[in-house]
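Written below as C-alpha cells is the structure these notes are about.
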Amino acid sequence: MSFKRRTPAGTKPPASSPSITFSTGIPSLDDVLGAGGMPSGTVLIALTPDRHSSYGDLLQKYNIAQGLHSGHGVCVFGDRELVDACMWVPQSVLLHDETQDKDQDKMTIAWRYENVKQFQTTVDANL
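Counted from 1, the sequence shown has number 82 at position 83 by numbering that gives the first Met the number 0; the numbering is strictly sequential.
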C-alpha cells in the first residue's frame, strides 16, 4: 500500500509545484493559469475591458459558487449588489433591513396599481 497525501476538499495537488491549487470555477481559466487552478494563498485580479460588461461579475460569481460547492468559507468584501444577487445566500444572513428596501420599491409611476399585490419572484427558503 502506497502513501497518498490527503488534500482539503475542492483542491488538488499539482505536479509542478508543492503548493495546493483550487479551481476558479471556470475550467478554461484554470488551464490558462497553469497548474490546473489558482495556487493557495494567491489573489486573482481580473480587469474587464469595459466597466459595464458583465465578465467581471460572472468571474466573481463562478469563483464564489465553486468555493461554496467545495465547502470553503467564502467572504465577499464590498459590492453589496453582488452579494444580494446571490441565490445561495439565505435570507437570515442578509444584514440590511428588508423593510427599508420595500419602502424604496414603492410604486410611484401608476398610482392605481399601488394596492395591487406584488409578485414574489424569489423561492421560499423553507422549501
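Each residue gets a CB set at the ideal place from its N, CA and C atoms; glycine is no exception.
Contact between the segment 49–56 and the segment 22–33 (3+ Cβ pairs under 8 Å) = no
message = Within 10 Å of its beta-carbon, does residue 47 have 16 or more other beta-carbons around it, so buried, or fewer, so exposed?
response = exposed
inquiry  = Do residue 22 and residue 36 have their beta-carbon atoms positioned less than 8 Å apart in this structure?
reply    = yes
message = I'd like the list of long-range same chain contacts for residue 91, defined as Cβ closer than 7 Å, with 5 residues on each side in sequence excluded.
response = Caution applies to residue 91, whose pLDDT of 45 falls short of 50 and renders its modelled position unreliable; the value that the coordinates give is listed next. By the criterion of a C-beta distance shorter than 7 Å, residue 91 is surrounded by no residue of its chain, once the five residues flanking it on both sides are discounted.
message = So, with DSSP's three-state summary, where would you put residue 38?
response = strand
query = Hey, which unbroken runs of the alpha helix (DSSP H) at 4 residues or more fall wholly within the segment 46–90?
reply = 54–68, 79–83
request  = Look at residue 61 and residue 33 and say whether their C-beta atoms are less than 8 Å apart.
outcome  = no
query = Near residue 75, which residues of its chain fall below 6 Å by C-beta distance, leaving aside the five closest residues on each side in sequence?
reply = 82
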